[in-house]
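**Student:** Quick one: the structure is below, and I'll ask about it shortly.
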Amino acid sequence: MAPATMIVTNTPAADLALTNLAYCSPLDLQTFAIPGTKLNLALIGDSFSIQKGHIALNAIQRRHARVSSGDSISVYSPADFNLTMLTVELEFVKKGTKNEQIDAIALSSQLKKRFINQVMTAGQRVSFEYHGTNYIFTAPSASGIKIVNQRDNVNSKIFRHKEFNLQTLGIGGLGAEFADIFRRAFASRVFPAHVTNKLGIKHVKGMLLYGPPGTGKTLMARQIGKMLNGKDPKIVNGPEVLSKFVGETEKNVRDLFADAENDQRLLGDASDLHVIIFDEIDAICKSRGSTRDGTGFMIIDGVESLNNVLLIGMTNRKDLIDEALLRPGRLEVQIEISLPDENGRIQILQIHTNKMKESSFLAPDVNLQELAARTKNYSGAELEGVVKSAWMKRVLRLLWLIFYELHEIVPAFGASTDDLERCRLNGMVECGDRHKHIYQRAVLLVEQVKSSDRSPLVTCLLEGPSGSGKSSLAATVGIDSDFPYVKIISAEAMIGLHESTKCAQIAKVFEDAYKSPLSIIILDNIERLLEYIAIGPRFSNLISQTLMLLLKRTPPKGKKLLVFGTTSELGFLDSIGFCDTFSVTYNVPTLKTADAKKVLEQLNVFADEDIDAAAESLNDMPIKKLYMVVEMAAQGQQGGSSQAIFSGQAKINISHFYDILQDTVRY
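Numbering (the UniProt record's numbering), first residue to last: 1 to 667.
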């Protein structure tokens, strides 16, 4: 059909201007009929107020066509037209109108009724009225209109894959933690936005992963970012954003959220999820008052109004983070990534040896279950180090070679075996019924902590004269307990430190103990830890209060702690109320004649006829002093005879022994 030339005129009535139709005279209407039918294109309507040869367009149509009233235009019917999906953007007809929120589902229903059977073209601008307000399709980026509830028919799948295997992601022993994260952090994002809006539910916008070093916090955060549908995660270390210039740190932090803010402003609920992974977040979010500045406290301000952001923070020291950042709406989901249990260690070892096994580099006699049982309190990184150390030696064909590597990789949260062995250099010998009774009582405390859920914290004070074997007894109980975490706190490890630094180190040992299911802490020589001086007396009240608070502090749920303390100044500790913090107190006595005889018989350094006389002279002597006297006497008058005596080839001369005994200081 040849185009008809018509003159543009204004729409005769305001209600007709909102129909999105062009109007002509009834005499011209048949000109635009579809050939072979009696139908007219819905774009044209008739009105008796329009003169023949004129076509009425509303202001938006004239602006879109770039014509004015009185202009001549060509009007013709299209040869064909296609059906397709219509995407609508909105803007107010009048500029400066206030911001408004519109429900997409209700709007969609209204548009279908209003513009049924109408033909739209790409880029066309259409005016319509909705709830008393005039709108226009096609919105600029600075629109004040916010469309909500527009994901009714959109797939709100937040994960890239329906199913995933944690072991294929390189994550082992963290199944429970992953389940907790998905339940608390992602459950609300599964539902369409209009559902959560009606329920008044706000998405979780931040989570904190905390725990000992090497347990997989960074790995878990990276894999979460990869599994989610959205932008590639941004990964930043806390110290990287710090700056010496005023305000520069806050600017660096806000820049991390700039892309998310732009997407939220332009796309609203249709915006992709932005994942920001913040390692060592404690570097910029320290507790207020712990440092001179408040660097990093503004980090969450840019997230408050954003629903398309998930901030994952990681730290080894949750206690250093400002509590204001841990409230709901900020880093509200806090997941502890603790040391793996035996089943978790098996999974981690399987991950790190899987490729070796597939490539036939791992011998079939390698028992990962046995290896996991022997690596108590090893972190995931330390287990990887065990396998890597064995691989670097290019030896994986024999089982014992992997076990050998356990001696090269020492767990940071394991038992301090070397420190414990130094407390009993002469080994343990049977000292009589009194010492045996105390040892048995201490072992019962170990069993109580293991088996009872009613006493997660048990404290025991071993008191007695200096050198009576208190530290050796506590160390032996710690070694025999087979607890995964056994640490000694002694004054010799804190020489020259300020008392506040000592308190921090002591508190850290207790905090580390809370990360292990079963732990033993030995407070060796408490009076030395307290910097006790008899003249005065004087001592550190700060360290004293720190220890008393820690000894009364109940471990977290699922964690159990046994504390042994040793002292030679029971009267002093009792005078400051320190003894009341212990559950039980046992006296470790000096050796009586019968006890000394039993020790000398085991040492086998005296002739049989001299043992009774030697034991009589050692009555009421601490065992440590006994060892020293025997060692001095074994040197002989000329020296150099100790090897023959301790090997059984010779015996100590009783007269020389008496001389040595007289030379020793009082005990």
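Virtual Cβ for every residue (Gly too), placed ideally from N, Cα, C.
Which of helix, strand or coil does DSSP assign to Leu-39?
**Tutor:** Residue numbering aside, residue 39 sits at position 39 when the sequence shown is read from its first letter. Low confidence applies here, because Leu-39 scores a pLDDT of 36, under 50, leaving its location unreliable; read the following figure in that light. Looking at Leu-39 - three-state DSSP - the assignment turns out to be coil, as it is neither helix nor strand.
**Student:** Could you give the distance in angstroms between the alpha-carbon of Asp-659 and the alpha-carbon of Val-629?
**Tutor:** Here residue 659 refers to the residue found at position 659 when the sequence shown is read from its first residue. Here residue 629 refers to the residue found at position 629 when the sequence shown is read from its first residue. Their Cα atoms are separated by approximately 10 angstroms.
**Student:** Which residues does DSSP pair with Thr-11 in a beta bridge?
**Tutor:** Here residue 11 corresponds to residue number 11 of the sequence shown, with the count starting at 1. Its beta-bridge partners do not exist; DSSP assigns none.
**Student:** How about Glu-342 and Ala-372: are their beta carbons less than 8 angstroms apart?
**Tutor:** Start at 1 with the first residue of the sequence shown, and residue 342 comes out as number 342. Start at 1 with the first residue of the sequence shown, and residue 372 comes out as number 372. Yes, Cβ-Cβ distance for Glu-342 and Ala-372 is below 8 angstroms.
**Student:** Helix, strand or coil for Cys-285 per DSSP?
**Tutor:** What you label residue 285 is simply residue 285 of the sequence shown in a count that begins at 1. Three-state result, Cys-285: coil.
**Student:** Tell me whether the segment 470-477 and the segment 513-529 touch, counting them as touching only if at least three CB pairs, one residue from each stretch, are closer than 8 angstroms.
**Tutor:** As far as the Cβ criterion goes, the segment 470-477 touches the segment 513-529, which means the pair count is three or higher.
**Student:** Run through the UniProt domain "AAA+ ATPase" (456-589) for me and flag every whole beta strand (DSSP E) of 3 or more residues, listed as ranges in chain order.
**Tutor:** Listed in chain order, the complete beta strand (DSSP E) runs (minimum 3 residues) inside the UniProt domain "AAA+ ATPase" (456-589) are 457-463, 485-489, 518-523, 560-567 and 584-587.
**Student:** Using the Cα positions of Pro-364 and Cys-460, report the straight-line distance between them to the nearest angstrom.
**Tutor:** Taking the first residue of the sequence shown as position 1, residue 364 is located at position 364. Taking the first residue of the sequence shown as position 1, residue 460 is located at position 460. Straight-line Cα distance between these residues: approximately 46 angstroms.
**Student:** Answer yes or no: do Asn-457 and Leu-549 have a C-beta to C-beta separation smaller than 8 angstroms?
**Tutor:** In the sequence shown, counting from the first residue as 1, residue 457 sits at position 457. In the sequence shown, counting from the first residue as 1, residue 549 sits at position 549. Reading off the sequence, residue 457 comes out as Leu, not Asn. No.
**Student:** Along the chain, where does the alpha helix (DSSP H) containing Asn-252 start, and where does it finish?
**Tutor:** For the purposes of this step, residue 252 is taken as residue 252 along the sequence shown, with counting starting at 1. That run of the alpha helix (DSSP H) goes 248-256.
**Student:** Distance check for Arg-553 and Asn-316, CA to CA, integer angstroms please.
**Tutor:** Residue numbering aside, residue 316 sits at position 316 when the sequence shown is read from its first letter. Residue numbering aside, residue 553 sits at position 553 when the sequence shown is read from its first letter. Near 21 angstroms, if we compare the C-alpha coordinates of Arg-553 and Asn-316.
**Student:** Please check the pair Ser-490 and Ile-520, which I expect to be a contact at CB under 8 angstroms, by giving their CB distance rounded to whole angstroms.
**Tutor:** Counting from one through the sequence shown, the residue named residue 490 turns up at place 490. Counting from one through the sequence shown, the residue named residue 520 turns up at place 520. Rounded, the Cβ-Cβ distance is 14 angstroms, inconsistent with contact.
**Student:** Enumerate in chain order the residues of its own chain whose CB-to-CB distance from Tyr-586 is below 8 angstroms, with the five nearest sequence positions on each side excluded.
**Tutor:** Here the question's residue 586 lines up with position 586 in the sequence shown. Here the set comprises Ile-438, Arg-441, Ala-442, Cys-460, Leu-461, Leu-462 and Glu-463.
**Student:** Which residue's Cα is closest to the Cα of Glu-384: Phe-483, Ala-493, Val-449 and Ile-171?
**Tutor:** Start at 1 with the first residue of the sequence shown, and residue 384 comes out as number 384. Checked all of Phe-483, Ala-493, Val-449 and Ile-171; the closest Cα to Glu-384 is Ile-171.
**Student:** Closer than 6 angstroms by C-beta to Asp-620: which residues in its own chain qualify, once you throw out the five before and the five after it? Chain order, please.
**Tutor:** Position 620 of the sequence shown, counted from the first residue, corresponds to residue 620. Taken in chain order, the residues that qualify are Thr-590.
**Student:** What does a CB cutoff of less than 6 angstroms around Pro-213 pick up in its chain, not counting 5 residues either side in sequence?
**Tutor:** Position 213 of the sequence shown holds residue 213. Answer for Pro-213: Asn-316, listed in chain order.
**Student:** Considering only C-alpha positions, which residue in the set Asn-20, Lys-217 and Thr-218 is nearest to Arg-125?
**Tutor:** For the purposes of this step, residue 125 is identified with residue 125 of the sequence shown, where counting begins at 1. When each option's Cα is compared against that of Arg-125, the closest is Asn-20.
**Student:** According to the neighbour-count rule (16 or more other Cβ atoms, all chains shown, within 10 Å of its Cβ), is Thr-37 buried or exposed?
**Tutor:** Taking the sequence shown and counting its residues from 1, the one referred to as residue 37 is at position 37. Low confidence applies here, because Thr-37 scores a pLDDT of 39, under 50, leaving its location unreliable and the question unanswered by this model.
**Student:** Is the distance from the Cβ of Ile-654 to the Cβ of Ala-596 below 8 angstroms?
**Tutor:** Here the question's residue 654 lines up with position 654 in the sequence shown. Here the question's residue 596 lines up with position 596 in the sequence shown. No. Outside cutoff.
**Student:** Can Leu-518 and Phe-483 be called in contact, C-beta distance under 8 angstroms?
**Tutor:** Sequence index remark: in the sequence shown, residue 518 carries index 518 (1-based). Sequence index remark: in the sequence shown, residue 483 carries index 483 (1-based). A contact, by the Cβ cut-off of 8 angstroms.
**Student:** Using DSSP with H/G/I as helix, E/B as strand and the rest coil, what is Lys-234?
**Tutor:** On the sequence shown, residue 234 is found 234 positions in, with the first residue counted as 1. Correct three-state label for Lys-234: strand.
**Student:** If we count Cβ pairs, one from each stretch, closer than 8 angstroms, do we get three or more for the segment 328-348 versus the segment 230-240?
**Tutor:** Flag = no, the segment 328-348 and the segment 230-240 do not touch.
**Student:** Looking only at its own chain, which residues have a Cβ that is under 6 angstroms from the Cβ of Ile-281, when we skip the five neighbours before and after it?
**Tutor:** Residue numbering aside, residue 281 sits at position 281 when the sequence shown is read from its first letter. The residues are Gly-238, Gly-313 and Thr-315.
**Student:** What residues match up with Thr-315 in a beta bridge as DSSP calls it?
**Tutor:** Here residue 315 is taken as the residue at index 315 of the sequence shown, counted from 1. Thr-315 is bridged to Tyr-210.
**Student:** When you compare the CB positions of Ala-283 and Leu-242, do they come within less than 8 angstroms of one another, or not?
**Tutor:** One-based indexing of the sequence shown puts residue 283 at position 283. One-based indexing of the sequence shown puts residue 242 at position 242. It is a contact, given that the beta carbons lie within the stated cut-off.
**Student:** Would you call the segment 247-258 in contact with the segment 192-209, where contact means no fewer than 3 C-beta pairs closer than 8 angstroms?
**Tutor:** The segment 247-258, when compared against the segment 192-209, does not touch it at the 8 angstroms Cβ threshold.
**Student:** Can you grab the Cα-Cα spacing for the pair Glu-430 / Lys-592, in whole Å?
**Tutor:** As a working mapping, residue 430 is identified with position 430 in the sequence shown. As a working mapping, residue 592 is identified with position 592 in the sequence shown. Rounded to the nearest angstrom, the two C-alpha atoms are 13 angstroms apart.
**Student:** Counting C-beta neighbours from all protein chains within 10 Å, is the total for Thr-501 16 or more, i.e. buried, or is it exposed?
**Tutor:** Position 501 of the sequence shown holds residue 501. So Thr-501 counts as exposed.
**Student:** Tell me where the beta strand (DSSP E) around residue 695 begins and ends.
**Tutor:** Here the chain has residues from 1 to 667 only, and residue 695 is not among them.
**Student:** Look at the alpha carbon of Asn-40 and the alpha carbon of Leu-266, and state the distance between them as a whole number of angstroms.
**Tutor:** Translated into positions along the sequence shown, residue 40 becomes position 40. Translated into positions along the sequence shown, residue 266 becomes position 266. For Asn-40, the predicted structure reports a pLDDT of 38, less than 50, and the residue's modelled location is therefore unreliable. The matter cannot be settled from this model.
**Student:** Express the C-alpha separation of Glu-323 and Leu-310 in angstroms, rounding to a whole number.
**Tutor:** If you number the sequence shown from 1, residue 310 lands on position 310. If you number the sequence shown from 1, residue 323 lands on position 323. Rounded to whole angstroms, Leu-310 to Glu-323 spans 19 angstroms at the Cα level.
**Student:** Per DSSP, what kind of secondary structure is Ala-607 in: helix, strand or coil?
**Tutor:** Indexing the sequence shown from 1 puts residue 607 at position 607. In this structure, Ala-607 counts as coil in the three-state DSSP scheme.
**Student:** For Met-632, which of helix, strand or coil comes out of DSSP?
**Tutor:** Position 632 of the sequence shown holds residue 632. Three-state result, Met-632: helix.
**Student:** In three-state DSSP terms, what is Met-428?
**Tutor:** As a working note, residue 428 is residue 428 in the sequence shown. Residue state, collapsed to three classes: coil.
**Student:** Note down the Cα distance separating Asp-71 from Pro-12, rounded to an integer number of angstroms.
**Tutor:** Stepping through the sequence shown from its first residue, residue 71 is reached at position 71. Stepping through the sequence shown from its first residue, residue 12 is reached at position 12. Spanning the two alpha carbons is a distance of roughly 17 angstroms.
**Student:** Taking just the CA atoms, how far does Lys-112 sit from residue 699?
**Tutor:** Summary: the structure shown does not reach residue 699, with the chain confined to residues 1 through 667, and so no result is reported for it.
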